[in-house]
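In what follows, a structure is listed as structure tokens, so that the remarks can point back to it.
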DNA sequence: AATAAGATTAACGAAAAGTTAACTTCTATT
DNA sequence: AATAGAAGTTAACTTTTCGTTAATCTTATT
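Residue numbers (our numbering), protein chains in the order written: chain A, 267 to 501; chain B, 267 to 501.
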């Protein structure tokens, strides 16, 4: 397992614990991000699409369980791994925690070795190795608020899942595979239809249009005389 | 079924999870013992002779699969029931667990009600099987309200049992082995018929149709131009 | 303003999948 | 070995969905 392929989001209100865990995970080569509360956690999760989110159960404002529920309620995170940090003897937190959708529990006090081995085991056993590096996570390709699940043939946008016809799906994957890059018509053409199949001039346009109709106009930009590119709508 | 007759051994390195499961099982009247690692599990199993052993797959040192193999290799435990706890989204087919001799899988996150009913179903079923004689490892795959009993070639749905012809059964197992994943026709084809056998275009369709006829239309979705996928009907 | 490139729309046709029944093969039983 | 019944496959046909086109409109660039 190449640890460095994995993104982990740590969430705790105590910066000491964040530092401690972060240090240990980074030493193992994980890509670690942190958040100090539930709200920040959800924001960062949307941006980063981590493989694993580790949540402290006890946090002011929004606790770990509530945060977990919120995250799980978004389809794009319906199968991200979530692990809780709990203090020993929190009787009812376990029950509520699994109801909320936790995959694992780690109890304080935390021993670095045990902690690391649990994290590794969780990632390894659940087998979500990212393909081709870059912006993939859980077999998802994510950019901005759009995720593409190639295995399930679904697009996930703003927490909503929907499917696309094959050609549109392929076209979107192509564009998203290199955000910002302008794909010429020829490139699109040969990548999606192949050299042998001959289609008319306006076919690509129509597919682009249908895509824009479904995901919104802001993502696919036309570069006149050249081609099309996918941009993160935020830009 | 009188729950109090049954002894269950829980094995997990996280004491919180042990407590949580233990609490829920005891509430139902089971006799529960616990162990924190594989070694302890084997010792306790020898002493207590439980009816069911529930093993977390992810444990440091000796993992659940190894522990399971060790236990099964002891003649006195050749037909104890063993169930695994696994993280979400694990691929049943890729799991060494059934080969190691697992009778059932329970995925985290664990919901108490589901957990209890699975445990009860397992104990109940095994009782019936053992009356009829030789029972090695049977293997029950469950998803949503459908369970597949590979040993007896039965589908259990809403408390009703029924059988399926071999090809339909294999097809269902394939799809269920990775819920949500779209299996292409080629994948289905080579997995169920193999490369050598040549069957016509509509053969898969017909099997899919027969399956839908029997389990209901909601479980198997068509992704046109790509293939089929199994979804939990709740979705 | 002219022109070229792209956008838009709806309609058409092809391809994929669904459906049904008939036919073949396999298996178990006598 | 004969045969009945079940399972599996095929063939013919229908339905649905998707991809493409054609015709027309809009926008950008010179």
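We put the beta carbon where it would ideally sit given N, CA and C, even for glycine. Keep in mind the model is a prediction, meaning the values are calculated, not measured.
Under 9 Å between the Cβ atoms of residue 323(A) and residue 300(A)? Mapped onto the first chain, residue 323(A) falls at position 57. Mapped onto the first chain, residue 300(A) falls at position 34. It is not a contact, given that the beta carbons lie outside the stated cut-off.
Along chain B, in chain order, which residues have C-beta atoms closer than 9 Å to that of residue 485(A)? Here residue 485(A) refers to the residue found at position 219 when the first chain is read from its first residue. For residue 485(A), no chain B residue has a C-beta closer than 9 Å to its own C-beta; the minimum C-beta separation is roughly 23 Å.
Proximity of residue 447(B) and residue 436(A) at Cβ, strictly below 9 Å: Here residue 447(B) refers to the residue found at position 181 of the second chain. Here residue 436(A) refers to the residue found at position 170 of the first chain. With respect to residue 436(A), residue 447(B) sits apart: the two C-beta atoms are not nearer than 9 Å.
If you scan the stretch 399-433 of chain A from start to end, which runs of the alpha helix (DSSP H) of 4 or more residues do you find wholly inside it? none
Mind listing the chain A neighbours of residue 282(B)? Cutoff is C-beta to C-beta under 7 Å, in chain order. Residue mapping note: residue 282(B) aligns to position 16 of the second chain, counting from 1. The contacting residues are 352, 360, 371, 373.
Residue 531(B) burial status per 10 Å Cβ neighbour count (16 or more: buried): It is not possible to answer for residue 531(B), since the shown part of chain B is limited to 267 through 501.
Quick one: what's residue 349(B) bridged to in DSSP? As a first step, residue 349(B) is located in the second chain; it is residue number 83 there, counting from the start. Residue 349(B) is bridged to 320(B), 370(B).
Residue 373(B) to residue 354(B), Cα distance in whole Å? Walking along the second chain from the start, residue 373(B) turns up at place 107. Walking along the second chain from the start, residue 354(B) turns up at place 88. Approximately 6 Å between the Cα atoms of the pair.
Apart from the five residues on each side of it in sequence, which residues of its chain come closer than 8 Å, Cβ to Cβ, to residue 425(A)? For the purposes of this step, residue 425(A) is taken as the residue at position 159 of the first chain. The beta carbon of residue 425(A) sits closer than 8 Å to those of 339, 340, 341, 342, all from its chain and outside the five residues before and after it, given in chain order.
For residue 273(B), which of helix, strand or coil comes out of DSSP? Counted from its first residue, the second chain places residue 273(B) at position 7. The answer is strand: DSSP assigns residue 273(B) an E or B state.
Since residue 415(B) and residue 388(B) are thought to touch, with beta carbons under 8 Å apart, how far apart are those beta carbons, to the nearest angstrom? As a first step, residue 415(B) must be located in the second chain, where it is residue number 149. As a first step, residue 388(B) must be located in the second chain, where it is residue number 122. So it is not a contact: roughly 11 Å between Cβ atoms.
Around the C-beta of residue 403(B), are 16 or more other C-beta atoms found within 10 angstroms, so that it is buried, or is it exposed? In the second chain, the residue the question calls residue 403(B) occupies position 137. Confidence in residue 403(B) is poor, its pLDDT being 38 and thus under 50, which makes the residue's placement too unreliable to answer from.
Check the Cβ of residue 431(B) against every Cβ in chain A and list those closer than 9 Å, keeping chain order. Working through the second chain from its first residue, we reach residue 431(B) at position 165. Result: empty, since nearest Cβ-Cβ is about 28 Å, beyond 9 Å.
Host alpha helix (DSSP H) of residue 305(A) (start-end): Taking the first residue of the first chain as 1, we reach residue 305(A) at position 39. Unbroken alpha helix (DSSP H) run through residue 305(A): 304-314.
With a Cβ-Cβ cutoff of 9 Å, do residue 366(B) and residue 331(B) count as a contact? Here residue 366(B) refers to the residue found at position 100 when the second chain is read from its first residue. Here residue 331(B) refers to the residue found at position 65 when the second chain is read from its first residue. Going by C-beta atoms, residue 366(B) is nearer than 9 Å to residue 331(B).
C-beta neighbour in chain B for residue 419(A), strict 9 Å: Looking up residue 419(A) in the first chain gives position 153. Output row for residue 419(A): interface = yes.
Is the Cβ of residue 409(B) closer than 9 Å to any Cβ of chain A? One-based indexing of the second chain puts residue 409(B) at position 143. With 9 Å as the cut-off, residue 409(B) does not count as an interface residue toward chain A.
Buried/exposed call for residue 326(A), threshold 16 Cβ in 10 Å: As a working note, residue 326(A) is residue 60 in the first chain. With fewer than 16 Cβ atoms within 10 Å of its Cβ, residue 326(A) is classed as exposed.
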